[in-house]
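Peer 1: Right, I'll just put the structure down here and ask away after.
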Amino acid sequence: MVRKRRNPTDIAIEVGLFLFACLLLYPIYFLYVGSFKSPAIFYDPFAFPKELYWGSFAIVFEKVKLLDGFFNTLVIMSFSLVSIVVICSMAGYAIARVKNRWFQAIYYLFLSGMIVPLQTTMVTIFKMGVSIQLIDTRTFMVLLYAAGAIPIATFIYVGFMKSIPKEIEESAFIDGCGPLQSFARIVLPLLLPATGTILITNVTAIYNDFMGPLLYLKSESKMTLMPQIVQFYANKHSMDYGPVFALSALAVLPLILLFIFTQKYMIKGLIVGSLKG
Numbered sequence: 002m003v004r005k006r007r008n009p010t011d012i013a014i015e016v017g018l019f020l021f022a023c024l025l026l027y028p029i030y031f032l033y034v035g036s037f038k039s040p041a042i043f044y045d046p047f048a049f050p051k052e053l054y055w056g057s058f059a060i061v062f063e064k065v066k067l068l069d070g071f072f073n074t075l076v077i078m079s080f081s082l083v084s085i086v087v088i089c090s091m092a093g094y095a096i097a098r099v100k101n102r103w104f105q106a107i108y109y110l111f112l113s114g115m116i117v118p119l120q121t122t123m124v125t126i127f128k129m130g131v132s133i134q135l136i137d138t139r140t141f142m143v144l145l146y147a148a149g150a151i152p153i154a155t156f157i158y159v160g161f162m163k164s165i166p167k168e169i170e171e172s173a174f175i176d177g178c179g180p181l182q183s184f185a186r187i188v189l190p191l192l193l194p195a196t197g198t199i200l201i202t203n204v205t206a207i208y209n210d211f212m213g214p215l216l217y218l219k220s221e222s223k224m225t226l227m228p229q230i231v232q233f234y235a236n237k238h239s240m241d242y243g244p245v246f247a248l249s250a251l252a253v254l255p256l257i258l259l260f261i262f263t264q265k266y267m268i269k270g271l272i273v274g275s276l277k278g
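For the sequence shown, this note's numbering begins at 2 and goes up steadily by one.
So, in C-alpha cells, the structure goes:
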C-alpha cells in the first residue's frame, strides 16, 4: 500500500492549532501548578514545585465553607436544569407542531428575550424578589436561571422538532398514546442531542455565575461557590495568593471533568442542531 504524502499546508495548520491549544491550556496549568507551590517560590512564574505543597488547600478548608458552596451550587443548578428541560422541550414541541399564529407569536416573544441585556433588569428583578418575599432564597435563583434560559433553549428545541417526522407521532396515536405520552415516550428521547447541548451550556453558565448570587443571596449559608472565591480573596489579611489559587483550582475542577467526559456529546448536539434547524 502506497503511503499518502501529507500536504505541508495541513501539517502547518495542525502545528498552529497545537500551539494555539497550548496557549489556551497554559492558564489552567499555571493555576494548578501555583496552587501546589510553597510561598517561597509562588511568585516565580517559571518555578516548578519539587514536592506538592498542601498548605494552601488546608487554609481553604479551614476558612471557607467549601462543601456548603458546592451543595448550594449543585442544588440550584440541578433544579434549574430540570426546569429548563421540562418547560422548554414542551414549549418547543407545541410551537413546532401546532400551526397557529398565536403559537408563533409566543415563539417570537420567547426569542425577544435574547436581545434584552441582563444589566437593564437587575433593579426590576430585585424589587420583584422583595415584593414576593423570595430574595435570599434558592428558589428565586432557580426561577431566574430557568427564565433566562427559556429563549435560547426553546429556539434549539424548535429547530430539532422540525427534523422529527410527524409520522412517528401519528403511529403512536394509532396505538393509543395521547399527546403527553407520545411526547414523553417518543419525542423526548429523540431530542437527546438538543437536551445534551442545553444541559452542558447551562451547567457552565449557572456554575460560573457570580453576579446573580451576589445580588440576590445574602446569607452565607446559601452562597454559591463563585462568590465564595471573591469573598475569600477580599477578606484575607495577607498577600499570599496560594490559597486563592487552591480555591480556584477546586472550583474549576468539576467543569474540567464535565467537559472531558461530555465534549463529544456537546459538539454532536451543536452540529446536528445546525444541520437540522
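Beta carbons: idealized from backbone N, C-alpha and C, even for Gly.
Going by the CB atoms, is the gap between F37 and P50 shorter than 8 angstroms?
Peer 2: Yes; because the gap between Cβ atoms is below 8 angstroms, this pair is in contact.
Peer 1: Just verifying my parser: in three-state terms, what is the DSSP assignment at I157?
Peer 2: Note: I157 maps to helix in three-state DSSP.
Peer 1: Kindly list the residues whose CB is nearer than 8 angstroms to the CB of V34, restricted to its own chain and excluding five residues on each side of it in sequence; keep chain order.
Peer 2: Excluding positions up to five away in sequence, the list reads F49 and P50.
Peer 1: Candidates K265, M224, Q232 and T263: which alpha carbon is nearest N73's?
Peer 2: Of the candidates K265, M224, Q232 and T263, the one whose C-alpha sits nearest the C-alpha of N73 is M224.
Peer 1: With the cut-off set at 8 angstroms, would you say T196 and V124 are in Cβ contact?
Peer 2: No, they are not a contact pair.
Peer 1: Indicate whether T263 and I201 have their beta-carbon atoms separated by less than 8 angstroms.
Peer 2: Result yes, Cβ atoms of T263 and I201 sit closer than 8 angstroms.
Peer 1: Examine the Cβ distances between the stretch 126–135 and the stretch 65–82 and report whether three or more of them are shorter than 8 angstroms.
Peer 2: No, because fewer than three Cβ pairs between the stretch 126–135 and the stretch 65–82 fall closer than 8 angstroms, the two stretches do not touch.
Peer 1: Is it right to say V204 is buried, meaning 16 or more other beta carbons lie within 10 angstroms of its own, or is it exposed?
Peer 2: The residue in question, V204, is buried, as its Cβ has 16 or more Cβ neighbours within 10 Å.
Peer 1: V188 and E170 - do their beta-carbons sit closer together than 8 angstroms?
Peer 2: Contact flag set, yes.
Peer 1: Who are the Cβ neighbours of N209 in its own chain at under 7 angstroms, not counting the five residues just before and after it?
Peer 2: M227.
Peer 1: For M212, count the other beta carbons within 10 Å of its own beta carbon; 16 or more makes it buried, fewer makes it exposed. Which is it?
Peer 2: Exposed: under 16 other Cβ atoms inside 10 Å.
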